[in-house]
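This report concerns only the one structure given below.
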Amino acid sequence: MKHADLGLNLTTKRTRKRDFLGEMERVVPWAALVALVALITPYAPEGRRGCPPFAVETMLRVHFMQQWFTLSDPAMEEALHDMPLFREFAGLNTAKLLQVPIFVS
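In structure tokens:
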């Protein structure tokens, strides 16, 4: 079993992406954005069929990463599966990663 399979991030090297996401963690007012978006997010009643919705903050973080790194939907999905740094920033653990929707064209 690989370290990535266990969710271990043993990398200590500081990369430009890691530095950039760390800076965005500090300067973007996440709580205010989540509160604003939560006001207009459609209500998702319990007991509906299909995958449960992701948290508003997770979706915001994924959307921002798509814009910052110029990633299409399929590329963002692949990045979330391949890059622990992106999963960490989005707040996705390994169990939630299995719920990441498969891009269908």
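Heads up: the sequence shown begins at 4 in our numbering, then just goes up one per residue. For each residue, glycine too, the CB sits at the ideal point set by N, CA and C.
How is the alpha helix (DSSP H) around residue i delimited, first residue to last?
i	result
G94	First-last for G94: undefined, no H or E at that position.
V59	59 to 71
M79	76 to 85
R19	19 to 30
Quick one: what's got a C-beta closer than 8 Å to residue i's C-beta in the same chain, skipping five residues either side?
i	result
F67	M27, V31
By the 10 Å Cβ neighbour count, where 16 or more other Cβ atoms means buried, how is residue i classified, buried or exposed?
i	result
L24	buried
R29	exposed
From the options, pick the residue whose C-alpha is nearest to that of residue i; which is it?
i	options	result
G94	L74, R64, D76	R64
T44	P56, A34, W33	P56
For residue i, would you say it is in contact with chain B, using Cβ-to-Cβ distances shorter than 8 Å as the test?
i	result
T18	The structure shown has no chain B; it contains just one protein chain.
Please go through the same chain and pick out, in chain order, the residues whose beta-carbon is closer than 7 Å to the beta-carbon of residue i, but skip the five residues on each side of it.
i	result
R21	L88
Only counting the same chain, and skipping five residues up and downstream in sequence, which positions put a Cβ closer than 6 Å to that of residue i?
i	result
A3	Given that the chain is displayed from residue 4 to residue 108, the structure contains no residue 3 and the question cannot be resolved.
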